[in-house]
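Everything on this sheet refers to the single structure shown next.
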Amino acid sequence: MTTYIIRRLVMAIPLLIGITIISFAIVQMAPGDPTSLLMDPNISPADRAKFMEKYGLNDPIYIQYFKWVGNMLQLDFGSSLLKKGTPVTELIMNRLPNTLLLMLVSTIFAFLISIPFGIYSATRPYSKTDYSVSVISFLGLATPNFWLGLMLIMFFSVKLGWFPTGGVSTLDAPFNVWDRIHHLILPAFVLASADMATLTRHTRSSMLDVTKQDYMRTARAKGFKERTVIYKHGLRNGLTPIITIFGILLPTFIGGSVIVETVFSWPGIGRLFIESAFSRDYPVIMGLTVLSSVFVVLGNIIADILYAITDPRVEY
Amino acid sequence: MSALLEVKNLKTHFFRKKQTIPAVDGVDLTIKKGETVALVGESGSGKSITSLSIMRLIPSPGGEIVDGQVLYNGTDLIELPEKELLKIRGNEISMIFQEPMTSLNPVLTIGQQIIEVLIYHQKMSKSKAKQKAIELLEMVGFSRAAELINDYPHRLSGGMRQRVMIAMAMSCSPKLLIADEPTTALDVTIQAQILDIMKQLSNKFGTSVLLITHDLGVVSEIADRIVVMYCGQVVEEATVGDLFENPLHPYSEGLIESVPSIEGEISRLQSIEGNVPPPENLPEGCRFAPRCPKAFDRCFQEMPTLSKKLSRSVRCFLYEQEEVGK
Chain A
1 MTTYIIRRLV MAIPLLIGIT IISFAIVQMA PGDPTSLLMD PNISPADRAK FMEKYGLNDP
61 IYIQYFKWVG NMLQLDFGSS LLKKGTPVTE LIMNRLPNTL LLMLVSTIFA FLISIPFGIY
121 SATRPYSKTD YSVSVISFLG LATPNFWLGL MLIMFFSVKL GWFPTGGVST LDAPFNVWDR
181 IHHLILPAFV LASADMATLT RHTRSSMLDV TKQDYMRTAR AKGFKERTVI YKHGLRNGLT
241 PIITIFGILL PTFIGGSVIV ETVFSWPGIG RLFIESAFSR DYPVIMGLTV LSSVFVVLGN
301 IIADILYAIT DPRVEY
Chain B
1 MSALLEVKNL KTHFFRKKQT IPAVDGVDLT IKKGETVALV GESGSGKSIT SLSIMRLIPS
61 PGGEIVDGQV LYNGTDLIEL PEKELLKIRG NEISMIFQEP MTSLNPVLTI GQQIIEVLIY
121 HQKMSKSKAK QKAIELLEMV GFSRAAELIN DYPHRLSGGM RQRVMIAMAM SCSPKLLIAD
181 EPTTALDVTI QAQILDIMKQ LSNKFGTSVL LITHDLGVVS EIADRIVVMY CGQVVEEATV
241 GDLFENPLHP YSEGLIESVP SIEGEISRLQ SIEGNVPPPE NLPEGCRFAP RCPKAFDRCF
301 QEMPTLSKKL SRSVRCFLYE QEEVGK
């Protein structure tokens, strides 16, 4: 098992190298350069050249790349071109916990809600409940996050006043767990909504497939109650594919957080991403791109490991 | 010997859209204590559905037992409340299936799958059940049983898995073992081994066996009596000796003729012309008539009844007339 984990981690290295090259290239290819944004358009060419020299923007592209990667290996992502030159690492670390919290809670939401619904649907296929769950899933899948977020804010925050409209906590209030949870519920639900639908559909089809398997008939022939048959013999087989879905869904959480954090003014890396993209803050954009790629790669490795744990047929 | 299981006029129908498919259409069957009865017939003759009906394992919605009785020691399993049925299923009546490769749960160890039955039905403690599981595996011929219980099914071959299935089915010393084509998916050398184990264990525990098969070679090896099914009905019932020596029903005759024999001169292998008619579109009269070499007018108009003839019964007009003539 340990060798399997090590092997998976080693296999991720070329992937990460590829990711850095691509994210570097994309930013390089984007039109406009930092000087056009940072400096007075009327500045003298001499001053402009000085600026370019200072930030190493005159170096050949591959030198710039190696410098960047070299620094990154020392966890130095450079410093923001704006924000008074704050180091990127510091900017990210300030925001990261908020995003991780949001992602964690919405993952829990998504799994807790969708798996029972999926199982319920699968054990009563083609019934009215099954169709209702399907329709709701498709609605959830088709509803854009930003719209759902705005609607929930309008209804629950503005009209009913049950939840705050945004932010991580009440401003200027001392730390309070309930207050944090109160702020988390709406954004976490919105972030989870689309994935909930995907997960419900996957759980349903996977469990439906499992209920038709021969070993389920064997379990019934042993005289077990239907509940034991489904939960003891079916669920573990049915959930194995769902674990892989987790690996696939992780990027959507990161992508989704960009929108949800903006709608709910949640100070996480998603909003940092948007802010930096609009102001062409290259070091921050690149740092965040690499960070989210690392997340995705890690998510996939975790899914692989979980898969190997739950399914004894996986060779490692 | 008294009857352990009596199936009376069992009818299991499947409903598809507006069609009714009579997969099992009035089957009568008796299994005595300690007896091995073989249920034979071509694919689609309703053998497996009969066995699943006895266990009440017909997939629902879709199929339903519409009529008949399954008397087990005098109690009707069909009328039995679910709770009572669960005490019999897997405990007193157990089952082995055709597909050893897929009949074991891939994510549970062999041990777990045997132990859970013992804990559930026999209320054994975990350590005692484990001990018993090892014994059972040794009984079906595994020498490293103690290690095997921690293995997962995918590490075993088909024959080994079927042996595990037998160990599992025999774990509560059942009164009746239903084996639904237990050797069909295995190669010939393994088939003999599996049949041998089944025979041995059923003798040891005094278990009656209902063996479902289309392989007459298997039948001659272990069965006492044969019930031949065609299109959801029993067409002939006789002891193994009687049936092989003197099959009455033209269908039984056809089945026996289509088995290649090692002795005797090599002749062209006989086959029964035509195919089993689809169950949603059965012919009028005798269901075998369109394929029967001896069919006459009456066969196409009326359905013959299953009539007793000494120690055997047959569903054919040929013999009814014979009796009338006498």
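If you read the protein sequences in the order shown, they are chains A and B. In terms of UniProt numbering, the first sequence opens at residue 1 and continues consecutively. In terms of UniProt numbering, the second sequence opens at residue 1 and continues consecutively. Where is the CB? At the ideal position from N, CA and C, for every residue including glycine.
Sequence-distant partners of residue 258/A (beyond 5 residues in either direction) whose C-beta falls short of 7 Å from its own C-beta, in its chain, are 270, 273 and 274. Annotation: residue 127/A to residue 270/B spans about 49 Å, alpha carbon to alpha carbon. Residue 163/B counts as buried, since at least 16 other C-beta atoms from the protein chains shown sit within 10 angstroms of its C-beta. Boundaries of the alpha helix (DSSP H) around residue 65/A: 61-73. Excluding five sequence positions before and after residue 288/A, the CB atoms of its chain that fall closer than 8 Å to its own CB belong to 92, 269, 272, 273 and 276, given in chain order. Across the stretch 89-108 of chain B, CB contacts with chain A closer than 8 Å involve 89, 90, 91, 94, 95, 97, 99, 102, 103, 104, 105, 106, 107 and 108, in sequence order along the chain. Linking residue 77/A to residue 27/A through their CA atoms gives a straight-line distance of about 15 Å.
With distances taken between CA atoms, residue 112/B lies nearest to 133/B out of 133/B, 174/B and 94/B. Secondary structure at residue 1/A: coil, using DSSP grouped into helix, strand and coil. Looking at the DSSP output, residue 13/B sits in a beta bridge with 22/B and 64/B. Around the CB of residue 121/A, 16 or more other CB atoms lie within 10 Å, so the residue is classed as buried.
In this chain, the alpha helix (DSSP H) harbouring residue 244/A covers 235-263. Here the C-alpha atom of residue 79/A lies approximately 5 Å from the C-alpha atom of residue 86/A. Taking 8 Å as the threshold, the shortest C-beta distance from residue 156/B to chain A does not fall below it. In summary, the residues of the stretch 298-312 of chain A whose CB is separated from some CB of chain B by less than 9 Å are 310, 311 and 312, in the order they occur in the chain. Contact of residue 128/A with chain B is not assigned, every C-beta pair being separated by 8 Å or more. Beyond the five residues adjoining it in sequence on each side, residue 316/B comes within less than 6 Å, by CB distance, of 249 and 304 in the same chain, given in chain order. Contact check for residue 91/B against residue 4/B fails: the beta carbons are separated by 8 Å or more. Within the stretch 208-241 of chain B, the complete alpha helix (DSSP H) runs of at least 4 residues fall at 216-222. Against chain A, the CB of residue 152/B has a partner CB under 8 Å away; the residue lies at that interface. Non-local C-beta neighbours of residue 85/B in its own chain, meaning closer than 8 Å and more than five positions away in sequence, comprise 56 and 77, ordered along the chain. Nearest CB-CB separation between residue 236/A and chain B: below the 8 Å threshold. Taking 9 Å as the Cβ-Cβ cut-off, the stretch 35-59 of chain B approaches chain A at 52, 55, 57 and 59, given in chain order.
By the CB criterion at 8 Å, residue 193/B and residue 26/B fall outside the cutoff.
Assigned with DSSP and collapsed to three states, residue 122/B falls in helix. Within the same chain, and ignoring the five residues on either side of residue 243/A in sequence, the residues whose Cβ sits closer than 8 Å to its Cβ are 303, 306, 307 and 310.
For residue 84/A, no chain B residue has a C-beta closer than 7 Å to its own C-beta; the minimum C-beta separation is roughly 56 Å. In this structure, the beta-carbon distance from residue 240/B to residue 226/B falls below 8 Å. If you check the CB distance, residue 10/B and residue 70/B come in under 8 Å. Boundaries of the beta strand (DSSP E) around residue 95/B: 93-96.
At a C-beta separation below 7 Å, residue 249/B has no neighbours in chain A, since its nearest C-beta there lies roughly 31 Å away.
With a threshold of 8 Å between beta carbons, residue 86/B makes contact with chain A.
Ranked by Cα distance from residue 155/B, the first of 191/B, 105/B and 119/B is 105/B.
By DSSP's assignment, residue 89/B forms a beta bridge with 93/B. About 6 Å separates the beta carbon of residue 125/A from that of residue 208/A, a gap short enough to meet the 8 Å contact definition.
Residue contact with chain A for residue 234/B: absent (no Cβ-Cβ distance below 8 Å to any residue of chain A).
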